[in-house]
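Okay, structure first, notes after.
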Amino acid sequence: MSEELLSVNNLKKYFSTGAGTVHAVDDISFSINKKETLGLVGESGCGKSTTGRTVIRLIEPTAGEIIYNNKNIADLNKRELRQTRREMQIIFQDPYSSLDPRKSIGDTIGKPLQIHKFGTKKEIEDKVDELMEKVGLSPDIYNKYPHELDGGRRQRVGIARALSLNPNFIVCDEPVSALDVSIQAQILNLLEELQHDMDLTFLFIAHDLSVIKHISTRIAVMYLGKIVEIAPKNALFKNPVHPYTKALLSAVPIPKLNRRHDRIILEGAVPSPINPPSGCSFHPRCKEMMPICKEIDPAETMVGEDHRVNCHLVSEK
Numbered sequence: 091m092s093e094e095l096l097s098v099n100n101l102k103k104y105f106s107t108g109a110g111t112v113h114a115v116d117d118i119s120f121s122i123n124k125k126e127t128l129g130l131v132g133e134s135g136c137g138k139s140t141t142g143r144t145v146i147r148l149i150e151p152t153a154g155e156i157i158y159n160n161k162n163i164a165d166l167n168k169r170e171l172r173q174t175r176r177e178m179q180i181i182f183q184d185p186y187s188s189l190d191p192r193k194s195i196g197d198t199i200g201k202p203l204q205i206h207k208f209g210t211k212k213e214i215e216d217k218v219d220e221l222m223e224k225v226g227l228s229p230d231i232y233n234k235y236p237h238e239l240d241g242g243r244r245q246r247v248g249i250a251r252a253l254s255l256n257p258n259f260i261v262c263d264e265p266v267s268a269l270d271v272s273i274q275a276q277i278l279n280l281l282e283e284l285q286h287d288m289d290l291t292f293l294f295i296a297h298d299l300s301v302i303k304h305i306s307t308r309i310a311v312m313y314l315g316k317i318v319e320i321a322p323k324n325a326l327f328k329n330p331v332h333p334y335t336k337a338l339l340s341a342v343p344i345p346k347l348n349r350r351h352d353r354i355i356l357e358g359a360v361p362s363p364i365n366p367p368s369g370c371s372f373h374p375r376c377k378e379m380m381p382i383c384k385e386i387d388p389a390e391t392m393v394g395e396d397h398r399v400n401c402h403l404v405s406e407k
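This is how it looks when you write it as structure tokens:
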């Protein structure tokens with residue numbers, strides 16, 4: 091039986107603005123087992139990146155528990171959080187803006203080692219050389235700067251930096267969305283190799299279901315700050331239950347001749363997270379909406395082994 095590494099319970103993250111309170115992450119719960127990859131997917135603006143950053147406390151949570159290795163990191167003080175940060179890292183979406191243009195590649199990768207007092211200057215340089223080789227970077231670029239590299243190599247630098255402190259858990263915040271398709275495949279294969287070699291656990295955030303299907307063990311579908319369905323990868327693709335999940339999957343291209351599937355077109359725009367709908371957040375765009383959907387937020391229902399969905403259509407059946 092797999093051992094649980096991370097458990098998120100009733101997590102909320104609200105932002106106060108002049109126009110009102112943004113419900114970016116609105117009472118979500120999920121868990122991730124050691125050495126697995128949980129894919130988090132949804133439309134832009136649904137709260138995926140905020141979830142990832144809140145889980146490792148780059149952003150402070152408004153409410154909820156974040157249990158990592160049996161301790162609630164939402165309650166840690168700065169000193170305790172600093173120690174835990176060695177085990178929890180992030181790979182950012184844009185490999186250019188996430189790197190300091192004034193620092194060389196060697197300095198960028200070695201900075202976490204300096205902050206956490208890894209060792210002498212020579213020991214840090216040797217560790218950086220080892221990390222660069224591990225992610226497929228030539229030693230020739232040690233003294234180069236981010237603007238001298240292409241997107242794929244810049245993202246490899248970001249991956250090497252995330253690995254520098256030997257973490258157990260990494261948030262991958264859309265790490266391939268800014269890259270060409272051929273480079274995307276290389277980075278995904280690299281992440282899978284590193285996960286196998288270093289026993290890593292990933293929260294992999296993306297809006298591309300093809301990418302999510304390739305790398306994930308389980309998938310959580312997010313809409314307007316809430317998780318509406320979570321299931322093992324194969325179960326989700328073979329038997330999607332929530333109307334929003336069905337609509338997302340219907341948009342995935344099928345690379346086979348003479349094979350089509352019905353495309354589900356969602357009408358209307360995503361509601362504002364400042365003023366989310368009452369009841370089920372998806373009901374204004376759902377063709378199967380019932381009166382109860384407008385009034386009551388659906389409870390979580392088990393529809394299969396480790397397959398959970400929040401939808402009144404399921405609970406009514």
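FYI, the numbering used here numbers position 8 of the sequence shown as 98, with every residue one higher than the one before it.
Just so you know, even glycine gets a beta-carbon here, dropped at the ideal spot from N, CA and C.
Computed from a prediction, not measured in an experiment: that's the story for all the values here.
{"Check": "Status (buried if at least 16 other CB within 10 Å, exposed otherwise) for residue 261", "Outcome": "buried"}
{"Check": "Runs of beta strand (DSSP E) lying entirely within the stretch 334–406, each at least 3 residues, in chain order", "Outcome": "390–394 and 397–400"}
{"Check": "Pair within 9 Å by beta-carbon distance, residue 138 and residue 130", "Outcome": "yes"}
{"Check": "Beta-bridge pairing of residue 131 - partner residues as DSSP gives them", "Outcome": "296 and 311"}
{"Check": "Residue 117 versus 156, 108, 96 and 279, residue with shortest Cα-Cα distance", "Outcome": "156"}
{"Check": "CA-to-CA distance, residue 265 to residue 183, given in whole angstroms", "Outcome": "5 Å"}
{"Check": "Proximal residues to residue 438 (C-beta, below 8 Å), its chain only, five neighbours per side dropped", "Outcome": "An answer regarding residue 438 cannot be provided, because it is not within the stretch 91 to 407 covered by the chain."}
{"Check": "Contact between the stretch 146–161 and the stretch 101–109 (3+ Cβ pairs under 8 Å)", "Outcome": "yes"}
{"Check": "CA-to-CA distance, residue 252 to residue 218, given in whole angstroms", "Outcome": "12 Å"}
{"Check": "Sheet register partners of residue 210 (DSSP bridge)", "Outcome": "Per DSSP, none; premise fails for residue 210."}
{"Check": "Cβ-heavy atom distance, residue 268 to the ligand PLP, below 8 Å", "Outcome": "This structure simply doesn't include the ligand PLP, nor any ligand for that matter."}
{"Check": "Under the three-state DSSP convention, the category residue 219 falls into", "Outcome": "helix"}
{"Check": "Separation of residue 236 from residue 245, as counted between CA atoms", "Outcome": "10 Å"}
{"Check": "Beta-carbon contacts of residue 174 that lie in its chain and below 6 Å, excluding the five residues immediately before and after", "Outcome": "163"}
{"Check": "According to DSSP, residues forming a beta bridge with residue 155", "Outcome": "99"}
{"Check": "C-beta atoms of residue 337 and residue 399 nearer than 9 Å", "Outcome": "no"}
{"Check": "Given 8 Å, three or more beta-carbon pairs between the stretch 370–378 and the stretch 308–317", "Outcome": "yes"}
{"Check": "Residue 294 versus residue 304: straight-line alpha-carbon distance, rounded", "Outcome": "11 Å"}
{"Check": "Residue range of the unbroken beta strand (DSSP E) whose run includes residue 237", "Outcome": "Element bounds for residue 237: n/a, residue is neither H nor E."}
{"Check": "Member of 280, 365 and 238 whose CA lies at the smallest distance from the CA of residue 195", "Outcome": "238"}
{"Check": "Beta-carbon proximity of residue 292 to residue 158, cut-off 9 Å", "Outcome": "no"}
{"Check": "Residue 365 to residue 136 span [Cα, whole Å]", "Outcome": "14 Å"}
{"Check": "CB of residue 297 within 9 Å of CB of residue 133, strictly", "Outcome": "yes"}
{"Check": "Inter-residue Cα distance where the pair is residue 277 and residue 380", "Outcome": "43 Å"}
{"Check": "Exposed unless 16 or more other CB atoms sit within 10 angstroms - verdict on residue 319", "Outcome": "buried"}
{"Check": "Run of the beta strand (DSSP E) containing residue 265, from where it starts to where it stops", "Outcome": "Here residue 265 belongs to no beta strand (DSSP E), and DSSP marks it neither H nor E."}
{"Check": "Sequence-distant residues of the same chain with beta carbon closer than 7 Å to residue 403, five excluded per side", "Outcome": "378"}
{"Check": "Separation of residue 363 from residue 106, as counted between CA atoms", "Outcome": "11 Å"}
{"Check": "Boundaries (first-last residue) of the alpha helix (DSSP H) holding residue 197", "Outcome": "195–205"}
{"Check": "Distance CB(residue 269)-CB(residue 208) smaller than 9 Å", "Outcome": "no"}
{"Check": "Run of the alpha helix (DSSP H) containing residue 329, from where it starts to where it stops", "Outcome": "Here residue 329 belongs to no alpha helix (DSSP H), and DSSP marks it neither H nor E."}
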